[in-house]
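Take a look at the structure set out below.
There are 2 protein chains.
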Amino acid sequence: MSTKQRIAINLPVRSQAYEILVGAGTFASIATILSKFCPAHRYAVVTDDRVAELYAVRLSRMLHAAGYRTDVFAFTAGEPRKTRETWALVCDAMVEAGLGRDAAVLAFGGGVPGDLGGFVAATYMRGLPLVQLPTSLLAMVDSSVGGKTGVDTPAGKNLMGAFHQPRCVVIDPELLATLPDEHLRAGLAEAVKHGAIADPEYLEWIEESAHRLLARDTEALSRLVVRSVEIKAEIVQRDERESGPRKLLNFGHTLGHAVESLSGYTLLHGEAVAIGMVEEARLGERMGVTAPGTAARLRRVLTRIGLPTSIPPEFGSAEVIGWTRNDKKARDGRVEYALIEGVGLPATRDGLWGAPVPDEVVAQLFAGSGRR
Amino acid sequence: MSTKQRIAINLPVRSQAYEILVGAGTFASIATILSKFCPAHRYAVVTDDRVAELYAVRLSRMLHAAGYRTDVFAFTAGEPRKTRETWALVCDAMVEAGLGRDAAVLAFGGGVPGDLGGFVAATYMRGLPLVQLPTSLLAMVDSSVGGKTGVDTPAGKNLMGAFHQPRCVVIDPELLATLPDEHLRAGLAEAVKHGAIADPEYLEWIEESAHRLLARDTEALSRLVVRSVEIKAEIVQRDERESGPRKLLNFGHTLGHAVESLSGYTLLHGEAVAIGMVEEARLGERMGVTAPGTAARLRRVLTRIGLPTSIPPEFGSAEVIGWTRNDKKARDGRVEYALIEGVGLPATRDGLWGAPVPDEVVAQLFAGSGRR
Numbered sequence: 393m394s395t396k397q398r399i400a401i402n403l404p405v406r407s408q409a410y411e412i413l414v415g416a417g418t419f420a421s422i423a424t425i426l427s428k429f430c431p432a433h434r435y436a437v438v439t440d441d442r443v444a445e446l447y448a449v450r451l452s453r454m455l456h457a458a459g460y461r462t463d464v465f466a467f468t469a470g471e472p473r474k475t476r477e478t479w480a481l482v483c484d485a486m487v488e489a490g491l492g493r494d495a496a497v498l499a500f501g502g503g504v505p506g507d508l509g510g511f512v513a514a515t516y517m518r519g520l521p522l523v524q525l526p527t528s529l530l531a532m533v534d535s536s537v538g539g540k541t542g543v544d545t546p547a548g549k550n551l552m553g554a555f556h557q558p559r560c561v562v563i564d565p566e567l568l569a570t571l572p573d574e575h576l577r578a579g580l581a582e583a584v585k586h587g588a589i590a591d592p593e594y595l596e597w598i599e600e601s602a603h604r605l606l607a608r609d610t611e612a613l614s615r616l617v618v619r620s621v622e623i624k625a626e627i628v629q630r631d632e633r634e635s636g637p638r639k640l641l642n643f644g645h646t647l648g649h650a651v652e653s654l655s656g657y658t659l660l661h662g663e664a665v666a667i668g669m670v671e672e673a674r675l676g677e678r679m680g681v682t683a684p685g686t687a688a689r690l691r692r693v694l695t696r697i698g699l700p701t702s703i704p705p706e707f708g709s710a711e712v713i714g715w716t717r718n719d720k721k722a723r724d725g726r727v728e729y730a731l732i733e734g735v736g737l738p739a740t741r742d743g744l745w746g747a748p749v750p751d752e753v754v755a756q757l758f759a760g761s762g763r764r
Numbered sequence: 393m394s395t396k397q398r399i400a401i402n403l404p405v406r407s408q409a410y411e412i413l414v415g416a417g418t419f420a421s422i423a424t425i426l427s428k429f430c431p432a433h434r435y436a437v438v439t440d441d442r443v444a445e446l447y448a449v450r451l452s453r454m455l456h457a458a459g460y461r462t463d464v465f466a467f468t469a470g471e472p473r474k475t476r477e478t479w480a481l482v483c484d485a486m487v488e489a490g491l492g493r494d495a496a497v498l499a500f501g502g503g504v505p506g507d508l509g510g511f512v513a514a515t516y517m518r519g520l521p522l523v524q525l526p527t528s529l530l531a532m533v534d535s536s537v538g539g540k541t542g543v544d545t546p547a548g549k550n551l552m553g554a555f556h557q558p559r560c561v562v563i564d565p566e567l568l569a570t571l572p573d574e575h576l577r578a579g580l581a582e583a584v585k586h587g588a589i590a591d592p593e594y595l596e597w598i599e600e601s602a603h604r605l606l607a608r609d610t611e612a613l614s615r616l617v618v619r620s621v622e623i624k625a626e627i628v629q630r631d632e633r634e635s636g637p638r639k640l641l642n643f644g645h646t647l648g649h650a651v652e653s654l655s656g657y658t659l660l661h662g663e664a665v666a667i668g669m670v671e672e673a674r675l676g677e678r679m680g681v682t683a684p685g686t687a688a689r690l691r692r693v694l695t696r697i698g699l700p701t702s703i704p705p706e707f708g709s710a711e712v713i714g715w716t717r718n719d720k721k722a723r724d725g726r727v728e729y730a731l732i733e734g735v736g737l738p739a740t741r742d743g744l745w746g747a748p749v750p751d752e753v754v755a756q757l758f759a760g761s762g763r764r
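Given below as structure tokens:
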């Protein structure tokens, strides 16, 4: 698949609609794409030092060659830096560089620069236009689409943030060439989630193609990105602000966020979500919501990809449950889970897309497994 | 005028439309108003310690009596605390209190709690519903209407923020009874601005009524609030995001923000805007944009109210110009001013609502006046 694909995100507010451009070579066309979708007087590239080392010179050269004034703001890579402090430092550096309301932000990198750069765009001088330019598989298939931006606080992930729709998302699978193996695997976890909540055939295809995907076969990766973006686009345009169907995308994320935080971010987000999906499927099976065998099915796919599938034994139930209560999905003192009835079958009862799960039931996951 | 007035703000996104309820006694009806316009599981009252001391017990009692769970988050009063640090502290305290996405924020107080509480609502867990409950005249006639939220940074005012429309604005002029004199005067500066940019008769009425307004005549203050809100509402609903006509509201604010920052916030915002309006009218007169005599006319009204009308002699032109360049209104390296052609006559040229003014012209304001 060498041709480029365009996927439209239609939103109730038409001015917020945007396109996702997927294709090998889109990065090389970035200047043309910006001039069409997000013309601005100056561009602020918000990225991390790892991505900057690999691509910042090339990106700056392309933009300068097209006559665009560009400044690069790079922070230390890693989820522990996705904080309000980093956000403040980047914003201060932008003020210092003289960037005004006629500037636009390019969030360039994996999920962290995407979320943090997006939050900078959402809040700098009350909002600048934003383009998402993801370089990790996780950001390509998931976090760059949907308008969520934010930072973590010591109390939990993404607790501060905003919805800020990009002007466009530019996805070039060729940028995956430099992605470390464990990040490639972690990105595949979110694709597995898309199969699990919406498309059993897609899940099967991922399982069959695991070898090619891990070998970075460009055709397979492009196909994966396109299908995942289609699924995510279909869901987010039905529910821009996560009041309904969008909650489906949280499958695996309630326990996932808890173990990710508890690990001190030594677990990658995708690794934590892989664990979260299997454990939440087990939870659903125990509650009679999820068809027996679903957790085993997910575990098989994820294991083939090389992802972890159970909560590390050093985490106790009380700690994990404590973290879930800080989650944004906690409502009315009970924690909401997005469960599935089976592969491709979201559990929606009484028109609700998330279900409160009592702490006791979560605690039972830990019982009889030698865990606390 | 004892009856209550309702002013509708219609916005292109209909779900963001809201009403402004003005009237003596609206504060006493707050529980009923919230249940109608902003029902929520819990309410977070964001306020400052001065307002909290005067009104928090009464507000909490009213809400508790109506069965609403309410937490009060109060920070030290004053513009110097309208920072990212205070924002982070308030948000952390809300997480600590267990507030989730089913909560709503009441921004309660003057411009500072309004802007900061609004920014908390805009960014807490990617956005909570917001009600503005202003207690200062400035907040009633100006900052509570229009959806602007934000915090200052060391580099300038409101540099970080977001547009976040409230569900409703509740204005009870009786709350002005406890407002210190200098804050009452400062609030009148924004009302003078409304007259200056949109309604010469209103400006005249303010001048004639200055004595009654300063004596806190409830009928006069209510009439002032209603007319100012009408003018502001008319402008902001034409231009939610300040791309066009809304820039008019920045009259007096480019030099105003500069002197406010330079004073270390010992000048109140309204005092700085009073200075800014007269100096920007002088600027316009020098440029041939503003009718001769306009600055003198504004100076007369503002002096009658007891407001300052010229840049303090200790501020040099280089310092003031330096601060204007950090302003959000700086574009393309030039600073944009919202000028008027005369009282009630905005200067709009070539369909533009703001005009770049070269630094040299600003510097001339200082020449020949014994100032640096």
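Sequences listed follow chains A and B, in order. For the first sequence, this note's numbering begins at 393 and goes up steadily by one. For the second sequence, this note's numbering begins at 393 and goes up steadily by one. A virtual CB, placed ideally from N, CA and C, is assigned to each residue, including glycine. Note that the structure is predicted; figures quoted are calculated from it, not measured.
Query                                                                                                      : Result
Per-residue burial, SER394/A [other beta carbons within 10 Å of its own, 16 or more giving buried]         : Low confidence applies to SER394/A: its pLDDT is 48, below 50, so where it sits in the model is not reliable, and the reading given next is rough at best. Per the 10 Å Cβ criterion, exposed.
DSSP-derived helix/strand/coil call for ARG442/A                                                           : helix
Boundaries of the alpha helix (DSSP H) in which GLN629/B is found, first to last residue                   : 610 to 630
Distance, GLY510/B Cα to ASN550/B Cα                                                                       : 12 Å
Cα-Cα separation, ALA495/B to ARG434/B                                                                     : 5 Å
Residues in the segment 501 to 528 of chain A having any Cβ partner in chain B nearer than 7 Å             : ALA514, THR515, TYR516, MET517, ARG518 and GLY519
Proximal residues of chain A, C-beta to C-beta of MET679/B below 9 Å                                       : Simply none; closest approach about 22 Å.
Positions along the segment 627 to 648 of chain A whose CB lies within less than 9 Å of some CB in chain B : ARG633 and GLU634
Members of the segment 480 to 492 of chain B near chain A, C-beta cut-off 8 Å                              : ALA480, CYS483, ASP484, VAL487, GLU488, GLY490 and GLY492
Buried or exposed by the 16-neighbour rule on C-beta atoms within 10 Å, applied to ARG381/A                : Since the first and last residues shown for chain A are 393 and 764, residue 381/A lies out of range.
Inter-residue spacing [alpha-carbon to alpha-carbon] between GLY506/B and THR610/B                         : 23 Å
Contacting residues, own chain, Cβ-Cβ under 7 Å from GLN756/A (five flanking each side not counted)        : ARG678
Span separating the alpha-carbon of ALA590/A from that of GLU733/A                                         : 11 Å
C-beta neighbour in chain A for VAL405/B, strict 8 Å                                                       : yes
Three-state class that DSSP yields for TYR657/A in the structure shown                                     : coil
Simplified DSSP assignment, three categories, for THR570/A                                                 : helix
Cβ distance (whole Å) where VAL651/A is taken to contact ILE697/A below 8 Å                                : Going by Cβ atoms, the distance from VAL651/A to ILE697/A rounds to 18 Å, so no, they are not a contact pair.
Inter-residue Cα distance where the pair is SER427/A and SER421/A                                          : 10 Å
Nearest neighbour of PRO565/A, chosen from ALA612/A, ASP573/A and GLY553/A [CA to CA]                      : ALA612/A
Sub-8 Å separation of VAL621/B and VAL533/B beta-carbons                                                   : yes
Cβ shell of ASP631/A (< 6 Å), same chain only, five flanking positions each side left out                  : PRO637 and ARG638
Residues near ALA458/A by beta carbon distance below 6 Å, same chain, minus five either side               : ALA423
Partner residues on chain B for ALA547/A, Cβ-Cβ distance less than 8 Å                                     : ASP484, VAL487 and GLU488
Inter-residue Cα distance where the pair is LEU413/B and ALA578/B                                          : 22 Å
Same chain only: Cβ atoms within 7 Å of LEU640/A, ignoring 5 sequence neighbours per side                  : ILE589, ILE627, ALA730, PRO738 and TRP745
Given LEU659/A as reference, the closest of GLY470/A, ASP484/A and ALA554/A once Cα atoms are compared     : GLY470/A
Proximity winner among GLU574/B, ILE598/B and LEU654/B, relative to ALA583/B (alpha-carbon distances)      : ILE598/B
Cross-chain neighbours of LYS540/B in chain A, by beta carbon under 9 Å                                    : ARG518
Closest Cα partner of MET486/A within the set GLY548/B, LEU568/B and GLN629/B                              : GLY548/B
Beta carbon proximity, MET532/A to chain B, threshold 8 Å                                                  : no
Under 8 Å by beta carbon: chain A residues contacting ARG476/B                                             : ARG476 and ALA480
For ASP544/B, the residue or residues it bridges with in DSSP                                              : THR475/B
Cβ distance (whole Å) where VAL712/B is taken to contact ASP719/B below 8 Å                                : About 11 Å; that fails the 8 Å criterion.
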